[in-house]
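The working numbering numbers the first residue of the sequence shown as 29 and each following residue consecutively.
Report on the structure given below.
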Amino acid sequence: MTEHEHSHGHSHSHGHSHAHGHGHAHDYTGMAEQALWVALWLNVGFLVIEVVAGLWSNSLALLSDAGHMVSDVLALLLALVAERLARTKPSGSYTFGLKRVPILGAFANALSLLVIVTFIFWEAWHRFQHPPPIKGWPVLVVGVAGLIVNLVSAWWLHRSESDSLNIRGAMLHLLADALGSVGAIVAAIVVMTVQWQAIDALVSALIGALILLSTLPLLRDSIKVLLQAAPAHIDIHQLREKIGSFQEVEEIADFHVWEINSGDVILSAILLTQQGDLEHLQDISDEIRQSICSLAGIEHATFEWRTKKNDFMGCSATTGHEEPPQDIREGKTNVEEGSLPE
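Pasting the structure below:
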């Protein structure tokens, strides 16, 4: 508990209570990075094979899958860099370090998926009108191999047990690419059996639609974190009621809940009280913190206790024309030790 006194024409004494915790999202950082490296090398190796096979067989399903695999490689690189930067310690003007970089990575991956979907739809439309001949066997073989590579890569990321949006974005790229491989397999089988060349474009468009449907939630969630919205799993009304249930809390004047990174939730609140014992309020802060941690998983909470709502009215609230309080005019600027101002 700390006590601050300011002399800017009036006197304040605020109780501040902080708790610092590390969410479980940080416990699996090493496993997540290892999984990203494995997935990266698998995709780089197979990318070369798929591009060559797609050009030789003249398959849009295979080439669109290869194009998406290029984005997979970039997405995995981006995710790796983001995970590394997220461990940067706070310094200078970056008081939270670079914990939000993975969210930027997830947002960038979502945007790149939208670009890829647009390209797939555009090419599918043109190829459906004028379907080129496709060699079925190369498409089938490479499609099966690609499916295996993408499923193994996605499984490696899944087993890292990370709830990071950054990892989720990378895994979504891989699963979308696995869908592309499934589409290539289906197109190859249809071409080899009934010689319907247009199936390649049709399957590609279907894959694009599935990628789009899975990308929109990632884009939405990353934007919500960047806009500092409260996490979806937290009931704000219930959380406020929980804090307000303590008899020392008469009113919650200021209340904020947001995420720095996936699972790294922060809460700050100004609590109004008639209680003046700072040591007692410290104990109450600890009790509140324990209760909200079990309720919502919030491990980083900051509480400031004040005795009345207008104790602090903002930096621009005081003007040079306002007369100072009676105790300031008489030279009484000290606040009694261990108590809040009345």
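The beta carbon of each residue, even a glycine, is placed where N, CA and C say it ideally should be.
- Taking a cut-off of 8 Å for Cβ pairs, the region 183–196 and the region 268–277 do not touch, as fewer than three such pairs fall below it.
- With fewer than 16 other beta carbons inside 10 angstroms of its own, ALA237 counts as exposed.
- Taken atom to atom, the span from the alpha-carbon of ILE298 to that of THR123 is near 21 Å.
- Annotation: the continuous beta strand (DSSP E) that includes LEU295 extends over 292–300.
- If you check the CB distance, GLU111 and ASN194 come in under 9 Å.
- Secondary structure note for ASN289: its beta strand (DSSP E) is the uninterrupted segment 279–289.
- In chain order, ARG128, ILE131, LEU132, PHE135 place their CB closer than 8 Å to the CB of LEU254, counting only its own chain and leaving out the 5 sequence neighbours on each side.
- A contact is defined here as three or more CB-CB pairs under 8 Å, and the region 262–270 fails this definition with respect to the region 239–251.
- By the Cβ-count criterion, VAL222 is exposed, with fewer than 16 other Cβ atoms from all chains shown falling within 10 Å of its own Cβ.
- Less than 9 Å separates the beta-carbon of ILE326 from that of LEU295.
- Check the Cα spacing between HIS284 and each of PRO259, GLN302, LEU244: the tightest is with PRO259.
- ALA182 places its beta carbon 9 Å or farther from that of ASN137.
- Taken in chain order, the complete alpha helix (DSSP H) segments of 4 or more residues contained in the region 121–177 are 129–157.
- Residue ILE316 holds the alpha-carbon nearest to the alpha-carbon of TRP333 among ILE316, ALA173, GLU61, HIS261.
- In the DSSP assignment, ALA204 falls within the alpha helix (DSSP H) that extends over 193–222.
- Note that the C-beta distance between LEU141 and LEU126 is not below 9 Å.
- For SER188, the secondary structure class from DSSP, reduced to helix, strand or coil, is coil.
- Check the Cα spacing between SER192 and each of TRP153, MET59, ILE227: the tightest is with MET59.
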